[in-house]
Amino acid sequence: MDFFKSGLKTVLGAPEPGQLPSGAETVERLVDRVNNSTLLEDRRDACRALKAMSRKYRVEVGAQGIDTLKQVLELDRADNETINYALDTLNNIMSPSQFEEEEDNPHVPMNIGEQFTEMFIKDPHNIQLLLDLLDEYDFRVRLSAVQLLTSLLTNRTKDIQEIILVKPMGVSKMMDLLGDTREVIRNETLLLLIKLTKGNANIQKIVAFENAFDRLFEIVSSEGYSDGGIIVEDCLLLMLNLLKNNSSNINFFKEGSYIQKMLPMFNTPEDLEDIGWSPQKVSNVHCMLQIVRTLVSPSNSAQIISSCQKIMKNVGFLDALCNILMASGVPADILTETINTVGEVVRGDITNQDFIGNVMAPSNPPRPAIVVLLMSMVNEKQPFPLRCAVLYCFQCYLYHNELSQTSLVQTLLPSSTDVSSLTSGRLLCGGLFSADVLSNWFSAVALMHALVDNLGQKEQLLRVLLATNVGSTPVSLLHQCTLLLQQTTKLQSKVALLMLLCHWMSHCSAAVSAFLQVPGGIGYLVNQTCSNEHDENEYLLQGLSAFLLAICIHFNDDSVESYTKDALKQLLVKRIGVETFTAKLSEVSKHELYNKAAKHPQLRVKIPAEILIDYEFCRLFKVLEGVLINSISEKQEPDPSEDRQSPAADNLEQYKSLIRQQDARLQELMQQLDGLMQQNYALQSALNDSIASNSLLKDENTLLKAQVSAKLPSQSNQTNQSSQATPGQQTQASQATNPDRILEYENKLQFLNSEVTRLTAELKASEEAKKIFEEDLVKLKQGQDDLKKDQDDLLELLADQDMKINEYKMRLVSLGQTVEETQADTELNLT
Numbered sequence: 001m002d003f004f005k006s007g008l009k010t011v012l013g014a015p016e017p018g019q020l021p022s023g024a025e026t027v028e029r030l031v032d033r034v035n036n037s038t039l040l041e042d043r044r045d046a047c048r049a050l051k052a053m054s055r056k057y058r059v060e061v062g063a064q065g066i067d068t069l070k071q072v073l074e075l076d077r078a079d080n081e082t083i084n085y086a087l088d089t090l091n092n093i094m095s096p097s098q099f100e101e102e103e104d105n106p107h108v109p110m111n112i113g114e115q116f117t118e119m120f121i122k123d124p125h126n127i128q129l130l131l132d133l134l135d136e137y138d139f140r141v142r143l144s145a146v147q148l149l150t151s152l153l154t155n156r157t158k159d160i161q162e163i164i165l166v167k168p169m170g171v172s173k174m175m176d177l178l179g180d181t182r183e184v185i186r187n188e189t190l191l192l193l194i195k196l197t198k199g200n201a202n203i204q205k206i207v208a209f210e211n212a213f214d215r216l217f218e219i220v221s222s223e224g225y226s227d228g229g230i231i232v233e234d235c236l237l238l239m240l241n242l243l244k245n246n247s248s249n250i251n252f253f254k255e256g257s258y259i260q261k262m263l264p265m266f267n268t269p270e271d272l273e274d275i276g277w278s279p280q281k282v283s284n285v286h287c288m289l290q291i292v293r294t295l296v297s298p299s300n301s302a303q304i305i306s307s308c309q310k311i312m313k314n315v316g317f318l319d320a321l322c323n324i325l326m327a328s329g330v331p332a333d334i335l336t337e338t339i340n341t342v343g344e345v346v347r348g349d350i351t352n353q354d355f356i357g358n359v360m361a362p363s364n365p366p367r368p369a370i371v372v373l374l375m376s377m378v379n380e381k382q383p384f385p386l387r388c389a390v391l392y393c394f395q396c397y398l399y400h401n402e403l404s405q406t407s408l409v410q411t412l413l414p415s416s417t418d419v420s421s422l423t424s425g426r427l428l429c430g431g432l433f434s435a436d437v438l439s440n441w442f443s444a445v446a447l448m449h450a451l452v453d454n455l456g457q458k459e460q461l462l463r464v465l466l467a468t469n470v471g472s473t474p475v476s477l478l479h480q481c482t483l484l485l486q487q488t489t490k491l492q493s494k495v496a497l498l499m500l501l502c503h504w505m506s507h508c509s510a511a512v513s514a515f516l517q518v519p520g521g522i523g524y525l526v527n528q529t530c531s532n533e534h535d536e537n538e539y540l541l542q543g544l545s546a547f548l549l550a551i552c553i554h555f556n557d558d559s560v561e562s563y564t565k566d567a568l569k570q571l572l573v574k575r576i577g578v579e580t581f582t583a584k585l586s587e588v589s590k591h592e593l594y595n596k597a598a599k600h601p602q603l604r605v606k607i608p609a610e611i612l613i614d615y616e617f618c619r620l621f622k623v624l625e626g627v628l629i630n631s632i633s634e635k636q637e638p639d640p641s642e643d644r645q646s647p648a649a650d651n652l653e654q655y656k657s658l659i660r661q662q663d664a665r666l667q668e669l670m671q672q673l674d675g676l677m678q679q680n681y682a683l684q685s686a687l688n689d690s691i692a693s694n695s696l697l698k699d700e701n702t703l704l705k706a707q708v709s710a711k712l713p714s715q716s717n718q719t720n721q722s723s724q725a726t727p728g729q730q731t732q733a734s735q736a737t738n739p740d741r742i743l744e745y746e747n748k749l750q751f752l753n754s755e756v757t758r759l760t761a762e763l764k765a766s767e768e769a770k771k772i773f774e775e776d777l778v779k780l781k782q783g784q785d786d787l788k789k790d791q792d793d794l795l796e797l798l799a800d801q802d803m804k805i806n807e808y809k810m811r812l813v814s815l816g817q818t819v820e821e822t823q824a825d826t827e828l829n830l831t
């Protein structure tokens with residue numbers, strides 16, 4: 001410490017006796033020395049001292065020295081040592097984390113590094129300075145430049161990405177550093193590229209075409225694949241960034257035969273159970289599984305998914321995954337992610353689905369892997385994430401595969417194999433009627449997926465009989481599900497059974513007839529729909545019950561006399577009402593967990609309480625909701641014995657009137673939308689102006705605080721001297737150190753912050769209103785198009801009718817009959 005103090009004395013000169021310079025004063029003198037010294041050695045010493053002070057006095061060094069340090073990077077490029085001191089000082093100033101030296105200073109904002117970063121990048125040329133310094137081979141300069149760029153990206157990711165994207169050779173300079181033989185620089189460059197590529201598709205493409213995958217696989221191979229250290233994980237994280245949501249890079253990865261290069265990551269030795277999995281190996285394999293899932297994610301195009309799935313099967317990738325699946329001693333989180341990965345590798349690919357269906361587990365006796373997985377799913381002692389993963393894998397196994405759906409249902413039929421053998425169907429039936437609510441939900445949803453888009457299996461499943469008690473007559477599975485629905489008090493079990501029944505009975509009149517014959521089934525649905533409970537989950541149950549009741553009406557073939565389509569419709573109108581029914585039905589899609597489930601086929605939940613709605617049910621609901629509402633709302637057919645001309649003409653006039661009303665409403669909405677757009681533009685302009693003013697005042701306030709903090713200590717040390725000064729001198733000194741300017745700036749900042757908050761809220765409200773109006777416009781236009789189409793159809797019918805009437809009149813006239821022109825004929829002709 002004494003050596004450091006003596007060094008400062010050499011740089012700054014000795015202070016006057018009895019006075020100790022404050023930190024701000026010291027920083028001010030150092031910055032002045034850097035600016036004004038003609039000797040390189042003096043500037044270098046001053047930069048070294050600023051670096052030493054930049055951790056404890058970050059605000060002072062940043063406020064007073066940031067411009068000076070930028071000049072050093074430009075003017076002292078020939079001296080690597082000085083450049084290194086400047087880079088390290090800037091890195092300390094803009095560090096995203098807080099230093100230990102700052103913990104006792106309450107005046108340092110938590111985001112001070114981000115504030116200085118914002119000031120630094122206002123001139124994009126500063127980023128070019130750092131990119132140019134990457135060309136320097138000096139170890140310290142190159143390493144410091146990489147670390148500073150990483151800090152800047154951490155603080156302002158999108159801004160830095162946009163700047164680097166337009167800099168010539170900017171990305172190329174960083175990619176070249178992956179070939180640096182000094183591992184420290186290579187490793188820091190990996191961290192830099194991970195930050196750089198996050199969420200930016202354009203940069204991801206540039207990095208990929210800069211030969212990134214080859215370089216990364218070379219590093220992974222040299223480090224020992226999954227047995228390597230954290231560098232392997234960093235390489236895999238960078239690959240994951242390059243591939244996620246980037247179809248161009250996925251195609252490049254697939255066509256470049258990089259899928260085959262992943263295979264050694266999953267080669268597990270036979271004695272792995274004895275060796276064990278290190279934490280780093282777990283992280284490495286988990287990252288690689290994430291990369292595999294990115295290639296075959298359901299969010300990709302069908303063509304990409306199919307081609308990647310075929311390659312993975314042909315090169316033995318699926319075999320390697322199944323080996324991990326069936327191995328002993330695999331950590332629970334790796335096993336869970338492997339199950340998810342296997343599911344997506346086989347999803348929708350019949351060859352891969354058949355392969356997984358034929359995999360045998362090394363159990364005694366040997367059982368199909370699918371059966372062993374389902375045993376885990378219905379076992380309440382298994383970890384919750386593992387059970388969710390098994391359900392997803394099983395859903396993928398059934399997806400668009402009628403053979404696997406058929407084989408599941410066949411295991412439930414009386415003609416199937418030995419009744420003592422454990423099959424997937426029997427496991428699901430056991431889970432469906434288990435005391436464990438999660439087993440109920442998992443089993444019901446798994447059975448539901450065997451019926452998706454498969455009418456034949458819906459009818460086959462009606463043949464499944466269950467023996468409820470010894471000596472009693474067996475009842476059908478649908479009958480037992482309906483009774484359980486009426487008896488259970490568990491929310492998740494009710495929702496699961498309702499989803500299963502909705503899928504089972506949609507587009508299947510035989511299943512509807514079987515349900516209508518179960519005592520109390522319709523009464524339960526009506527009572528549940530009419531319920532006045534106000535809990536969010538109760539709203540969901542009411543909506544699901546209304547949905548199933550509407551399915552019973554729409555897909556009814558009138559084979560049950562007491563519950564024909566018309567009878568059920570009248571019951572719904574009298575007991576519930578069409579408007580109430582529509583409102584109840586809409587509650588389903590408003591539920592938070594419905595919207596969450598509709599986003600992805602995989603069940604993505606953290607706790608068991610979040611398990612409620614399945615993705616495939618969301619798809620069914622979206623397709624049928626409008627159809628069922630129209631089916632319930634449509635009017636009865638007119639009596640054929642009544643006059644057919646007048647009602648037709650009346651309907652036509654109603655259509656015309658409705659179209660005119662909707663045209664007027666459409667014009668009104670268009671005008672309101674124009675007004676909202678103008679208001680939105682004005683609010684956006686005002687918000688941008690306020691944000692710009694706010695940013696400017698923040699910068700000025702930061703600088704002013706640093707300047708005042710530099711003045712105040714000297715003022716306190718000179719109290720006695722100031723007391724002897726003249727009144728004019730006292731006034732001048734008080735003006736120089738008066739903090740009123742800071743208060744003034746802070747007041748302005750508070751005003752601007754509140755103005756920004758208000759404008760942001762108004763802008764958000766304006767955008768929401770605009771969105772609502774746009775949705776209304778779309779609905780109105782769609783409804784208008786439908787009405788016009790109906791009107792055209794009606795006009796065609798009327799024209800055909802008119803021609804036939806005229807034809808009949810001509811025949812009557814030819815037969816000598818007298819035909820009179822009626823009032824209805826006149827109205828029809830006028831129409």
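So the sequence shown is numbered by the UniProt record's numbering: it starts at 1 and just counts up by one.
Built from N, CA and C at the ideal position, the CB exists for glycine as well.
May I ask you to report which of helix, strand or coil DSSP gives residue i?
i	result
V475	strand
L39	coil
L465	strand
Q98	coil
I576	coil
R811	helix
T117	helix
N738	In this prediction, N738 has a pLDDT of 49, which is less than 50 and means its spatial position is unreliable; what the coordinates show is noted afterwards. Here N738 sits in coil by DSSP.
Y57	coil
I632	helix
T279	Checking the sequence shown, residue 279 turns out to be Pro, not Thr. Of the three classes helix, strand and coil, the one that applies to P279 here is helix, per DSSP.
Beta-carbon within less than 6 Å of residue i's beta-carbon, same chain only, minus the 5 sequence neighbours each way: which residues are those?
i	result
Q71	none
S493	V437, N440
H554	L628, S631
F217	K261
I805	none
Report the option in the options whose CA atom is closest to the CA atom of residue i.
i	options	result
V345	K494, Q303, M312	M312
V34	T154, V59, H479, I83	I83
G520	N200, L815, Y563, M810	Y563
V512	E536, T488, I231, A550	A550
I112	C396, S95, L780	S95
C396	P414, G348, C618, E634	G348
L134	S172, L152, P608	S172
L525	H507, L501, E536	L501
Q290	E402, F266, E561	F266
K490	A208, N537, Q303	N537
S685	V220, P601, T760	T760
D159	V31, K122, V141	K122
D176	H591, L30, E118, D214	D214
M174	R142, N249, L484	R142
G199	L483, L243, E210	L243
Going by DSSP, what residues sit across from residue i in a beta bridge?
i	result
M360	P368
Can you give me the Cβ contacts of residue i inside the same chain, cut-off strictly under 7 Å, excluding the 5 residues immediately before and after it?
i	result
S376	Q382, L386, R387, V390
P474	L465, L466, A467
Q147	N91, E188
I194	D234, L237, L238, N241
A450	L398, Q405, L408, V409, Q457
Assuming the contact rule is C-beta atoms closer than 8 Å, residue i and residue j should be a hit. Round their C-beta distance to whole Å, please.
i	j	result
C308	L325	Going by Cβ atoms, the distance from C308 to L325 rounds to 19 Å, so no, they are not a contact pair.
S144	N202	The pair is not a contact, with the Cβ atoms about 27 Å apart (cut-off 8 Å).
F120	I66	7 Å
Just checking residue i against the ligand ZN - is the residue's beta carbon closer than 7 Å to any of the ligand's heavy atoms?
i	result
V390	The ligand ZN is not part of this structure, which contains no ligands at all.
CB-CB under 8 Å to residue i, same chain, minus the five flanking residues each way: which ones, in chain order?
i	result
M499	A444, V445, M448, L544, I613, D614, F617
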